[in-house]
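Below is one structure; the comments refer to it alone.
Numbering (full-length UniProt numbering), first residue to last: 1 to 700.
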């Protein structure tokens, strides 16, 4: 039975349907159009272009439908058997590199001397099914090159795996989502136990990637298929992962987005380098200077990076010394540990715990200015006249032994009683001078109570408590002004020596009404609205808010990588007379460093807000919250919640007819969603000035 070259009645043809070759009997041919009878006992019309290039045999004479069906079934069986007997990969091995493309008849000749039409059709079917190695370009089959085959095999395997995961995951994700929507948080593990382990691992990995990056391209195709039928939600991957139990309740996905490892386990791969830092510092250590420095921090602070001492000399001048922790002394910039620390960019201080920039064995131990321990330090020393003018400045690399680690509360109480140690009283007096002079130069100082967020039972059964952080105005003024003084001095020193630094700049002329101290919410809002953003630059420019001609942060080298770089610049200037890095080298580092600072900074901003909203969500049905109008422009009114340091907007209809800046309301809040950052005002009642807050709000 030879192949036919022309189609007519009684001829068998094949065509593709449902990705399979189908055999049919030609009943009629007219001008390139065929009417055929198929194995499914149906008549169909089709264009000649659909016919595959192996036609025949042809049967003469009339046949009824029963006879035609028998003939079709007979040839169908022969062709299926022929296709199964063919090893297309062996044929590809024979043909690859020898021919670029050939017909099914040619390939059939490789396995039989005189192949009949059924053998050729069987060959065609086999080659059509081997899409990774052959491509059908009618009337011939292209033989793929080896590299193309490898790529297509990889793609085919990926597609097969994707299909497997989609089949397993679509129903699973719908069940998880339904459980979350109905408040059933306990079905995730049971549902997951029914999944194929390999598919479950792929689904879990995909959700983790999407929590870190909602636009992850590796997951885009699979995610689009899996989430069909689910409503849109900006944090859908996070919700599914939480419902599944891949991550615990209240999981901090902001850390994933910032690629920041929480806790202290991250530094394990750098154990050898950490030991090298210990050995290097031990070799450089020497007798400390006999200055009884004292540090002032919160009671939980372990990474102590500054301490001070002040005394009055016999001539009435005041000596003020500021000691800064000095991890730069033997730091291997550019090494693996440094690269990891630079990626962390800064420490994170979150309600659920602290994650230090440096390994804790370094940042809270080896370099921390712990009382009684010899530590490397950069010491800045000023001379002040009795009137508070700076009359001298010096800086040196040295070692110190801090005499005392004390707290804001202890210092504040001693200053209030009037029995504080002389160095504390003198330090506070100098800090008061410094603040007064900054205000004269046009500084902007924002004073607002920061809420303290306390968690218990985290993460499974978390309880949130909110309170206003205790205020220690004198002690905090003492520390903050000395830090500003030190950072401004670092900038001045670098500028005088022609060295680049990572300067913090805010080169703007502030309106007179913005300058000064602001403590009430409307004034704070007006001031903040006028303040331009600060920049990090290698060139010195003024910092308007601080009223500093130049400002280079250096006082927190254990907590901020930019400070560590600036400290290293000063170290090099003192040691060699030249900076460690040129302006161009610092500028080249800025894009990556700035992006890391911004990414980690988002975690520090957004995570406390999450807990504030979670607290409001739990208590909004039982109490109201104080809101102060800070902006009446536009269609919505902006209010500050001063106890929480967050803002909310309300419609004019909600607040009443007469609305003015500074107006106080008892707000009824609702539709609070910590995940999507949603917070709505449902009702408001103006607070009479004479009504005590506790009568209106109840216990906080």
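Every residue, glycine too, gets a C-beta built ideally from N, C-alpha and C.
In three-state terms, what does DSSP make of residue i?
i	result
residue 610	helix
residue 370	coil
residue 481	helix
residue 109	helix
residue 361	helix
residue 696	Because the pLDDT at residue 696 is just 44, under 50, the model does not fix this residue reliably, and the point stays unresolved.
residue 581	coil
residue 458	coil
residue 96	coil
residue 733	Any property of residue 733 remains undetermined from this structure, which presents the chain solely from 1 to 700.
residue 683	strand
residue 551	coil
residue 742	Outside the displayed span of the chain (1 to 700) sits residue 742, for which this structure offers no information.
residue 33	strand
residue 333	coil
residue 736	Outside the modelled stretch of the chain, which goes from 1 to 700, sits residue 736, for which no answer is possible.
Which residues bound the beta strand (DSSP E) around residue i?
i	result
residue 399	390-401
residue 206	Segment 197-212 is the alpha helix (DSSP H) holding residue 206; no beta strand (DSSP E) there.
residue 523	It is not in any beta strand (DSSP E) - residue 523 instead sits in the alpha helix (DSSP H) that spans 521-530.
residue 518	516-518
residue 169	Per DSSP, residue 169 belongs to no beta strand (DSSP E); it is in the alpha helix (DSSP H), 146-181.
residue 349	348-350
Alpha carbon to alpha carbon, what distance is there between residue j and residue i?
i	j	result
residue 207	residue 339	28 Å
residue 440	residue 509	14 Å
residue 86	residue 123	7 Å
residue 474	residue 428	7 Å
residue 593	residue 501	13 Å
residue 371	residue 417	25 Å
residue 144	residue 94	12 Å
residue 183	residue 236	15 Å
residue 583	residue 548	21 Å
residue 674	residue 147	51 Å
residue 221	residue 141	30 Å
residue 256	residue 109	60 Å
residue 119	residue 97	24 Å
residue 453	residue 132	59 Å
residue 466	residue 451	7 Å
residue 387	residue 641	41 Å
residue 363	residue 286	20 Å
residue 254	residue 107	59 Å
residue 702	residue 374	The displayed coordinates of the chain run from 1 to 700. Any statement about residue 702 would go beyond what the structure contains.
residue 389	residue 357	36 Å
residue 73	residue 11	14 Å
residue 6	residue 156	37 Å
Grab me the residues of residue i's own chain with a C-beta within less than 6 Å of its C-beta, minus the 5 sequence neighbours each way, in chain order.
i	result
residue 587	538
residue 329	376
Going along the chain, which residues of its own chain have a beta-carbon closer than 8 Å to the beta-carbon of residue i, five neighbours each way excluded?
i	result
residue 616	625, 644, 669, 672 and 679
residue 188	176, 179, 243, 244 and 245
residue 514	444, 526, 527, 530 and 531
residue 168	195, 196, 199, 200 and 203
residue 101	137, 140, 141, 142 and 143
residue 313	319
residue 350	252, 603, 604, 607 and 608
residue 458	250 and 352
Checking the sheet assignment: what are the DSSP bridge partners for residue i?
i	result
residue 631	638
residue 137	140
residue 753	This structure cannot speak to residue 753, because the chain is shown only from 1 to 700.
residue 505	535
residue 308	294 and 322
residue 38	24
residue 568	According to DSSP, residue 568 bridges with nothing at all.
residue 663	Residue 663 pairs with nothing; no bridge assigned.
Can you give me the Cβ contacts of residue i inside the same chain, cut-off strictly under 7 Å, excluding the 5 residues immediately before and after it?
i	result
residue 650	636, 637, 639, 681 and 684
residue 695	Residue placement at residue 695 is flagged as unreliable, the pLDDT there being 42, under the threshold of 50; the coordinate-derived value follows with that caveat. Once the five neighbours on either side are set aside, residue 695 has no close Cβ partner at all.
residue 44	36 and 38
residue 442	510, 515 and 547
residue 117	1, 2, 3, 54, 56 and 57
residue 149	132 and 133
residue 288	374, 399, 400 and 401
Could you pull the start and end residues of the alpha helix (DSSP H) that residue i belongs to?
i	result
residue 80	65-85
residue 257	253-258
residue 430	422-440
residue 338	336-344
Counting only beta-carbon separations shorter than 8 Å, does residue i have a partner in chain D?
i	result
residue 596	Any reference to chain D falls outside this structure, which holds one protein chain only.
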